[in-house]
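In what follows, a single structure is set out as structure tokens and then discussed.
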Amino acid sequence: MTNPDQTPARLRRDAALTGLATTFRGMTAHPDEYNCDCHWGSAEELAQLKVPDVPLDPDLLDRTWQAVDWSDHASVLRRILPQFASGLVDGGIEPLFGMETAGRSFALGHWQQWPAQQAAAVREFLQAWWAYTLVTPEPAVPGYEVLVLCAEASGALTPWLRLWETSPGPVADRHLADAAAHWEYDLLGDQLPWSAWENGEDMRAELTAWLVRHAPARLRGHGASEELLHRIRLLGLTGPARWTDPHWPGHRY
233 MTNPDQTPAR LRRDAALTGL ATTFRGMTAH PDEYNCDCHW GSAEELAQLK
283 VPDVPLDPDL LDRTWQAVDW SDHASVLRRI LPQFASGLVD GGIEPLFGME
333 TAGRSFALGH WQQWPAQQAA AVREFLQAWW AYTLVTPEPA VPGYEVLVLC
383 AEASGALTPW LRLWETSPGP VADRHLADAA AHWEYDLLGD QLPWSAWENG
433 EDMRAELTAW LVRHAPARLR GHGASEELLH RIRLLGLTGP ARWTDPHWPG
483 HRY
């Protein structure tokens, strides 16, 4: 009997996780890496980052990826990446201040500048996880949060929106409806719905334009409420035309 979980998207995602484990096997933090024992952790915990392939306990893993003051962030990220990625995918890692902080940990490692095989493994993980999310009805991490992580990790929205745009179907449309409902308040106030590391205004403009252009037809097909459809329509208006529209929801900022 075929395992219903073994869809092409699931197989690709799992293969990408395996690829990370293989590519980054044996990696350690730099021998001279240091962090404050008052604020980050003990010398014994720091020593664990300099030993390859030994799983970290969840609290140590969280403190490690959340720290932004490593002298060699790239080597620390390579050390934890297989375990970090697995925890992200299964929902075990829940950032206190939003998925953008997890994406920022990728960005601080400048992974796109790593050797080609390493950069390709990270890129494939992000792409495979996003593709899997778009076709999975109940992913461990909501679609709009995966998008935020991918955008912050890569410093770009375009490739992730393009994949959403070219992924038709009721599941991807439902994720779009959930995202639109989650984002509309901030976007109607001309604010990005997450705290971007950089290019926040460009991302806000791109996300707004993309929703206005691509969301309405898919939301109607999904059976979204007229209220949500009007709020997406309002994103295409500016200034008084937006907040004097009869369907302005009365948001206060």
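All residue numbers for the sequence shown refer to my numbering, where the first residue is 233 and numbers rise by one.
Ideal Cβ positions, reconstructed from N, Cα and C, are used throughout, including at glycine.
Under the three-state reduction of DSSP output, residue 300 falls in the coil class, being neither helix nor strand. Looking only at 317, 347, 322 and 351, the smallest Cα-Cα distance to residue 335 is reached by 317. Going by C-alpha positions, residue 308 is about 9 Å away from residue 265. Within its own chain, the residues whose Cβ lies closer than 6 Å to the Cβ of residue 442, once the five positions on either side in sequence are excluded, are 393, listed in chain order.
Excluding residues up to 5 positions away in sequence, 273, 278, 299, 301 and 302 lie with their Cβ nearer than 8 Å to the Cβ of residue 267 in the same chain. With contacts defined by Cβ atoms closer than 9 Å, residue 387 and residue 339 form a contacting pair. Close CB contacts of residue 315 within its chain, under the 8 Å cut and outside five residues either way in sequence, are with 287, 288 and 293 (chain order).
Straight-line spacing of the CA atoms in residue 475 and residue 423 works out to 15 Å. Taking a cut-off of 8 Å for Cβ pairs, the stretch 238-258 and the stretch 355-370 touch, as three or more such pairs fall below it. Three or more Cβ pairs drawn from the stretch 407-422 and the stretch 455-463 lie within less than 8 Å of each other, which places the two stretches in contact. A straight line joining the alpha-carbon of residue 429 with that of residue 342 spans about 13 Å. By the criterion of at least three beta-carbon pairs nearer than 8 Å, the stretch 437-451 is in contact with the stretch 397-415.
If only uninterrupted beta strand (DSSP E) runs of at least 3 residues are considered, none is enclosed by the stretch 369-442.
The continuous alpha helix (DSSP H) containing residue 305 extends over residues 305-321. Closest by C-alpha distance to residue 414, out of 282, 380, 346 and 344, is 380.
Between residue 323 and residue 290, the C-beta gap is not smaller than 9 Å, which leaves the two residues out of contact. In the three-state DSSP reduction, residue 364 falls in the helix class (H, G or I).
Taking 8 Å as the upper bound for CB-CB distance, residue 283 and residue 260 are in contact here, some 7 Å apart. DSSP places residue 265 outside both helix and strand once states are collapsed to three, so it counts as coil. In this structure, residue 251 lies near residue 353, with their beta-carbon atoms less than 9 Å apart.
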